[in-house]
């Protein structure tokens with residue numbers, strides 16, 4: 003498990019890309035929450051890579067939650 007977490011930013015970006023790919027292919031971007039989670043995971047990976055968020059699982063989860071909630075709130079009104 004520690005080898006998997008050695009490069010947390012790249013892992014987060016990979017997971018985010020996989021979530022967006024699943025969202026696009028399986029659901030056609032109809033599930034806002036899955037797209038927001040994929041976007042937030044990629045954003046968190048980039049924030050960790052550039053040093054804005056410390057490289058730990060706790061910080062990554064908190065950042066992902068904050069970005070997910072923020073992006074859902076921003077996208078909810080136009081999509082309503």
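Numbering (our numbering), first residue to last: 3 to 82. Glycine is no exception: its CB is placed at the ideal position from the N, C-alpha and C atoms.
Notebook entry, point to check: Thinking just about the alpha-carbon of each residue, which of 62, 37, 18 is nearest to the one in residue 78?
Noted result: Comparing alpha-carbon positions, the option among 62, 37, 18 lying closest to residue 78 turns out to be 37.
Next item on the list: Assess, as a yes-or-no matter, whether the segment 25-35 is touched by the segment 43-53 under the definition of 3 or more beta carbon pairs within less than 8 Å.
Entry: No, the segment 43-53 is not in contact with the segment 25-35.
Next item on the list: Less than 8 Å between the CB atoms is what I'm expecting for residue 18 and residue 43, so what's the real figure, rounded?
Entry: Correct: roughly 3 Å between the Cβ atoms.
Check: Using the C-alpha atoms, what's the distance from residue 34 back to residue 22?
Finding: Between residue 22 and residue 34, the C-alpha separation is close to 11 Å.
Item checked: Range of the contiguous alpha helix (DSSP H) that encloses residue 47 -> For residue 47, the enclosing alpha helix (DSSP H) has its first and last residue at 34-51.
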